[in-house]
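Following: one structure in structure tokens, then a few remarks.
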Amino acid sequence: MAGKLTAEAFLNLVKQSGLVSVDQLKKLLSEYQEKGVKLGEPAEVADELISRSLLTRWQANKLLQGKHKGFFLGKYRLLDLVGKGGMSSV
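In this note's numbering, the protein residues as written are 162 to 251.
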């Protein structure tokens with residue numbers, strides 16, 4: 162992703178990834194709005210999603226890098242990178 166990632170762009174990536182439901186994102190935005198809190202930096206939004214157990218740190222880091230694909234293997238949700246070798250990653 163070119164340029165600086167905004168909080169809005171980050172939330173769009175989260176939505177595109179399918180990791181967090183649209184309803185959960187709407188709830189988060191609604192709570193921010195009720196409290197009068199602005200979204201702030203993408204990393205702060207990521208930390209909030211992690212604290213709510215909606216994302217793992219690994220998923221958040223990938224999303225913050227502008228990546229929204231590669232979080233699912235069939236019906237399984239990938240939570241973290243276990244290891245990496247010369248031929249592949251697990």
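For each residue, glycine too, the CB sits at the ideal point set by N, CA and C.
Measure the C-alpha to C-alpha separation of K228 and L240 and round it to an integer number of angstroms. Roughly 15 Å separates the two Cα atoms.
Extent of the continuous alpha helix (DSSP H) to which D254 belongs: Since the first residue of the chain shown is 162 and the last is 251, residue 254 is not available in this structure.
First and last residue of the alpha helix (DSSP H) that includes K223? K223 -> alpha helix (DSSP H) spans 218 to 225.
Tell me the DSSP secondary structure of M162 in three-state form. Legend: pLDDT at M162 = 47, less than 50; position of this residue unreliable, value from coordinates given subsequently. If DSSP states are grouped into helix, strand and coil, M162 belongs with coil.
Would you tell me roughly how many angstroms separate the C-alpha atoms of L189 and F171, rounded to the nearest one? Answer to the nearest angstrom: the Cα atoms are 14 Å apart.
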